[in-house]
Each structure stands twice: as C-alpha cells, then as structure tokens.
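Undergrad: If you scroll down you'll find the structure; I have some questions about it.
Residue numbers (the numbering used here): 2 to 632.
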C-alpha cells in the first residue's frame, strides 16, 4: 500500500471524528457542528448532530454566492426524444426555488413526504432539489414502476403529494404513467392530497380537478422561496428497495452526513474538480442516480449530465461515445451491464472510432460485479483506467474503490480494489470469527458506518437493527460474500444467497461466471445453483452470445464446461451450460439470479417489481424445460 492513500485511510479508521470534522469544513453550514459523532445509542449513530445546513443550498446557492452562477450545472440530452437543454447554476436555482414555491402553495412543508415518479427529465431533478430547499422529504420511485409497488410506497411514506409526468419513453415504446399512477392511488389506503403532472409534448394526459394540477399551472402563481434551515440529522429522502418479505425497505439519508460524504467523494474517489464534466449513466429512481446524477456533482459544483437513453438502441451502440464526445465528459459511471450490452452489439468497437474521446479519463463501474473480461474489453477500447467499485443503496457511496483523486492503485482484475476511507471492511466466517487473507466469508463493516450512509430505515428502527446489525455484533452485514487478499484488495464474489453448496464445498457463482465470460463467444452469463438430491446444489450456467457468433451451441457449451473444469476443478461439478437469448434483469442492470433459481427449482416466485421485461422469464422457463432442468 502506498503511503499517501494508506495514511489517509488509517487516519479515517483510527480517528474518525477528527477525519470527518475536517472534511465537514468543506460544506456550507448555517451553524457548524460541534458534536461530530454521537455513539450513545448503537447501532443508531448520529453524525454532526448539532449542525444546521440545507441540501439545496449546498447544491446550488453556495456556488452562486462564490461567483460561479454562470457555470453550467446540468446538461440534459435525450436521444429518445431529440430534446437537449442546458442550465447554469443560476438558471437551475431559479427553476428549483420557483417549484419549491409551487410545492409550498400546495401545502407542502418541512418534513412532509413528496413522491416523485418521473422519467429522466430536468423536471425530476428540479423536483428533488425543490424538496430539499423547503425541507420536504422526497421519495423517488422509478417512472413506470408497477402500480402495486407505487401504492406500497405511498402507504409506507404517507406522502402528501405525488409529482409525475404524462409518460416515459423506452426504445420502441411509450410508457403511459397516468394510468399506473391512478391505479396506485386507488390501491393505496393512504390518500395523497395532490397530484402535480408534467405534460410531455405530444403525449399529454387528462388532468382531473381538483386533486390534480399541471406542472405549468402549479408554477403560474408560485414565487421563488429561500432555503429552510435544517438540522443535520433531519432526513433528505427515502429510497425504497424491494424487501425480501414483499414490504419495501425505506432507506433514509440524513442531510448533514449526506452532503459532507458525497462532496468529498467527487474529488477523492472520482478525481472530479469544479471545472469538469461528469456523467453518471443511471436513473434517478436508483441510488446511483440520487448520489451521482444529482447530489454529489452539484455539491462539488461541477457539470452533470442527465441522459434519457440507453447504451444500445438509442439509436445504436455508439450512444455513450457520442455523449462523451459532445460534452467533453471527463469520467463516466455506469453499470457493467451497460458495457456488456455495448460489447454484445459492437464487439469490435466500430462505433467508437467515429467519436473524439480525447478529454475522457476514466470509467467507473458498479451495480453488480464487473467480470474481468468486460473490464479488459473496455480498457482495450477506451485506453483509460476502468475501475470496478462496490457500494450499495444502503451506503449511498462507495465502500471500496480505486480512489483516483488520492492515489491511483494498480488494477487487480475481478477485485473492487480497497476499502475507501471511512469503511472498516472485514470478512466474517459463519462461526463469527474473522477470516484470514484470501479466505471466503461474509463481508461486514465495523460500526459506526461513516457519514452519508443510512442511519436507520423509514419508521422501522427494529427492522434496521434486526436486518443489518444483529447477525454480527458491532458490524453492518452487507449480504455480499467474498474475500480480502494479502494486499487489502476486496473481492466481491456474490450475494450471500448466491453462494452455492456443492457436496459440502462452498462455491461462489461469481468465480464460475468469471471463467465463462472469458469464452470468446460469450457476451454475458449467469451461474446459479439448482437443487440436487445427491449433492445439495449443482451449478448451471446460462450464457448469452455476442452478435454474429455462428458456432453451434453444443460446441460452445462443451468448451465452457471444459474451461470451468480446467480453472476451478472437478469440485464445481459443473456440467450444464445453456445458451439463451437474454438474461432477466432489473432496470438498473442487475441479473435476477434469485428469480431464475426459483424457476429452476420449481418454486413459487413473485414477479420482481424492478424487472426490465417480464417476458424474459417465460423464455427462461422454456429454455430450462428444453434442457430438462425444469421438470
């Protein structure tokens, strides 16, 4: 470990209060905190307890006060609609403070909840920041989410108002939001007071007075409002993740720690300065969109890109290169799935050569494990560092990464680099003892978690404690499994429920997937353990081929099986590889391994609310039946 990073990291672990107090001096406070960390009621730790600040002030007003009001804050580019817009910090602040006034006119006050159910348009960002301005708690729900899921979030948050748009656009289809919202409102037992609807040109929806009002009408008599002073431990937002019990978990974020940590990450992890253009290709419905489309880049005062499109199909596999070229993007953050989609469509990188990426310096991947083959493919194409880093909705920023703004470390393919300052990451074995280097186990983080993570769940302190803080006393359980090597590099091999038990051997599906993805014909893959009477579980591989592969499927399957036998050994008992058209995924790009496993084992499963295309599950079922996996 080089000295510079090592010193900063060690200081953050040994002297967390001093470390974070110094970092907190970089943000705007109406009243600076004197109590940095309250440890009196574990696991409910409080950071910057007596500080007073405001999310929106730090995202917009501060930069205007410092003379950077004319600097570009937000670039909106929608290849789906052909619309493009740009906003300076001053312009964005005017729009946000006016919409904050519109929310006030509708009776929204400090602490009230506002659900935002929007596509990737500037109005979604404006609504989020407007909530922060007046101290309302927003809960962004992915536009197009099923009515039942939206209803459960209305009920859990007891939202006062719902902000939506008439529709969202996906490649080749229009998703009408209004019917979904109306159905959700009908299903919810808690009744929202008002619906504000943004009309998308050419796709307007009906507005039913008096409960509903158009965005333009809401703004017509609104005045700009100032930022409300908020306590550091007041809540900025609720972001729901699908709970295993079917009851969504409301991850909450406290205001002070959120601003402090996220602003720090922009320079220290991503090496982004105020003059840079940053792009996170995600969606505001996910944590990546919250943290790295909206909040962190605006806290930093750089320029952030809001992209309404896909890596392929809007219009082609060159969509990402065009955005990077057009706006001189310095760094891109996206999911490995996006790059696997580009690699599948354009394995030779022909689209890439059309664009000028001379300003592009780094690619960051997160969302699920980035297989070494995809990283190497991207490195060869882009000729810049490709960094796999690891974090979760719960933490809101990276747990492990190559901290490029502190010191560039060497890449170890398959690893998510080292723990980021603030996170004391350890590997725990089932017997509650710490693992040795390279020994597999559950990945845990010693409490207290750093600022900007989740202090609890919305109205569910007991669930927070039971779900995350109980299995390993004094540690947060990440539910990821892996190991830490002798150099401190963290290897995330799978979710704990993706560890499979083959005749008493604990095997990581991630390790097998890594081998399969090295096959020259394979674009992406998933490995899951299916129930087996003799061995407990047996691994099967599902592979999707690159475009243009003509080799017969039986040969590819045999070659894949042989590769796993050669690299992992006969202990894996790996004998089945099925070539399929596509893998079922969430809209944020995670492969739904648990759902596929339930289908293979003939168990009942709930249609995941986050699924991108439900029809794929029928295809998978047919493929499994064809190959005698499903009886």
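For each residue, glycine too, the CB sits at the ideal point set by N, CA and C. Note that the coordinates shown come from a computational prediction; the quantities given were computed from them, not determined experimentally.
Give the list of continuous alpha helix (DSSP H) stretches no shorter than 4 residues that lie fully inside the stretch 330–406.
TA: For the stretch 330–406, whole alpha helix (DSSP H) runs of length 4 or above, ordered along the chain, are 337–346 and 373–383.
Undergrad: What residue does the alpha helix (DSSP H) around residue 23 start on, and which one ends it?
TA: Here the alpha helix (DSSP H) through residue 23 covers 17–25.
Undergrad: Hey, out of 349, 313 and 328, whose CA is closest to residue 342's CA?
TA: The shortest C-alpha separation from residue 342 is found at 313.
Undergrad: Who are residue 171's beta bridge partners in DSSP?
TA: Its beta-bridge partners are 174.
Undergrad: Does any C-beta atom of chain B lie closer than 8 Å to the C-beta of residue 416?
TA: Looking for chain B here will not work: only one protein chain is present.
Undergrad: For the stretch 61–117, which segments carrying the alpha helix (DSSP H) assignment without a break, of at least 4 residues, lie completely within its bounds, in sequence order?
TA: Within the stretch 61–117, the complete alpha helix (DSSP H) runs of at least 4 residues are 63–66 and 90–106.
Undergrad: Quick check on residue 45: does DSSP put it in helix, strand or coil?
TA: Reduced to three states, the DSSP call for residue 45 is coil.
Undergrad: Taking all protein chains shown into account, do 16 or more other C-beta atoms lie within 10 angstroms of the C-beta of residue 347, making it buried, or fewer, making it exposed?
TA: So residue 347 counts as buried.
Undergrad: How big is the Cα-Cα spacing for residue 134 and residue 115?
TA: So the alpha carbons of these two residues sit roughly 13 Å apart.
Undergrad: From residue 495 to residue 510, what distance separates their C-alpha atoms?
TA: Approximately 6 Å, taken between the alpha carbons.
Undergrad: What residues in its chain sit with their C-beta under 6 Å from that of residue 485, if we drop five residues either side in the sequence?
TA: Cβ within range, chain order: 428 and 491.
Undergrad: Enumerate in chain order the residues of its own chain whose CB-to-CB distance from residue 448 is below 8 Å, with the five nearest sequence positions on each side excluded.
TA: So the qualifying residues of the chain are 43, 44, 46, 470, 475, 476 and 477.
Undergrad: In the DSSP assignment, find the beta strand (DSSP E) that holds residue 314 and state where it starts and stops.
TA: Looking at the DSSP string, residue 314 is not in any beta strand (DSSP E), and its letter there is neither H nor E.
Undergrad: With a cut-off of 8 Å on the beta carbons, I'd call residue 295 and residue 129 a contact; round off their distance for me.
TA: So it is a contact: roughly 6 Å between Cβ atoms.
Undergrad: With a CB to CB cut of under 8 Å and the five nearest residues on each side skipped, what residues in its chain are close to residue 215?
TA: Answer for residue 215: 197, 198, 199, 200 and 208, listed in chain order.
Undergrad: Can the beta-carbon of residue 424 be found less than 8 Å from the beta-carbon of residue 446?
TA: Against a cut-off of 8 Å, the Cβ pair of residue 446 and residue 424 comes out as a contact.
Undergrad: Note down, in chain order, each residue of its chain lying with its Cβ closer than 6 Å to the Cβ of residue 258, except the 5 sequence neighbours on either side.
TA: Contacts found: 48, 452 and 453.
Undergrad: Which parts of the stretch 483–564 are runs of the beta strand (DSSP E), unbroken and 3 residues or longer, counting only runs that do not cross its ends?
TA: 491–496, 500–503, 506–509, 523–533 and 537–546, all fully within the stretch 483–564.
Undergrad: Please report how far the alpha carbon of residue 616 lies from the alpha carbon of residue 514, in whole angstroms.
TA: Spanning the two alpha carbons is a distance of roughly 24 Å.
Undergrad: Would a C-beta distance cut-off of 8 Å place residue 145 and residue 176 closer than the cut-off?
TA: Going by C-beta atoms, residue 145 is nearer than 8 Å to residue 176.
Undergrad: Considering Cα atoms alone, identify which of 542, 389 and 218 is closest to residue 583.
TA: Residue 542 is the option with its Cα nearest to residue 583.
Undergrad: Mark residue 35 as exposed unless 16 or more other C-beta atoms lie within 10 angstroms of its C-beta, in which case mark it buried.
TA: Exposed, because fewer than 16 other Cβ atoms sit within 10 Å of the Cβ of residue 35.
Undergrad: If you drop the 5 nearest sequence neighbours on each side, which residues of the same chain put their C-beta closer than 6 Å to that of residue 530?
TA: Hits under 6 Å: 501, 538 and 540.
Undergrad: Would you check if the distance between the CB atom of residue 335 and the CB atom of residue 303 is smaller than 8 Å?
TA: In this structure, residue 303 does not lie closer than 8 Å to residue 335 by Cβ.
Undergrad: Residue 391 and residue 266: beta carbons closer than 8 Å?
TA: Not a contact, by the Cβ cut-off of 8 Å.
Undergrad: Decide if the stretch 557–570 is in contact with the stretch 589–597; the criterion is three or more beta carbon pairs, one per stretch, under 8 Å apart.
TA: Contact fails: fewer than three Cβ-Cβ distances are below 8 Å.
Undergrad: From 369, 98 and 420, pick the residue whose C-alpha is nearest to that of residue 400; which is it?
TA: Of the candidates 369, 98 and 420, the one whose C-alpha sits nearest the C-alpha of residue 400 is 420.
Undergrad: Cutting at 8 Å between CB atoms, please list the residues of its own chain near residue 6, excluding the five before and the five after it.
TA: Contacts found: 404, 407, 408, 410 and 419.
Undergrad: Exposed or buried, which one is residue 614 when buried takes at least 16 other CB atoms within 10 Å?
TA: Exposed: under 16 other Cβ atoms inside 10 Å.
Undergrad: Is residue 237 helix, strand or coil when you go by DSSP?
TA: In the structure shown, residue 237 sits in a strand (DSSP, three-state: E or B).
Undergrad: Would the stretch 358–377 count as touching the stretch 429–442 if we require 3 or more Cβ pairs under 8 Å?
TA: The stretch 358–377 is not in contact with the stretch 429–442.
Undergrad: Checking 8 Å against the spacing of the C-beta atoms, do residue 280 and residue 300 come in under that value?
TA: No, the pair does not count as a contact, with Cβ atoms beyond the cut-off.
Undergrad: Using 8 Å as the threshold, is the C-beta distance between residue 546 and residue 580 below it?
TA: Yes.
Undergrad: So, using beta-carbon positions, are residue 188 and residue 152 closer together than 8 Å?
TA: Yes, Cβ-Cβ distance for residue 188 and residue 152 is below 8 Å.
Undergrad: Suppose the cutoff is 6 Å on Cβ atoms and the five residues either side in sequence are ignored; what does the same chain contact list for residue 442 look like?
TA: Excluding residues within five positions, the ones whose Cβ falls inside 6 Å are 428, 429, 430 and 436.
Undergrad: Name the one or two DSSP bridge partners that residue 308 has.
TA: Beta-bridge pairing links residue 308 to 78.
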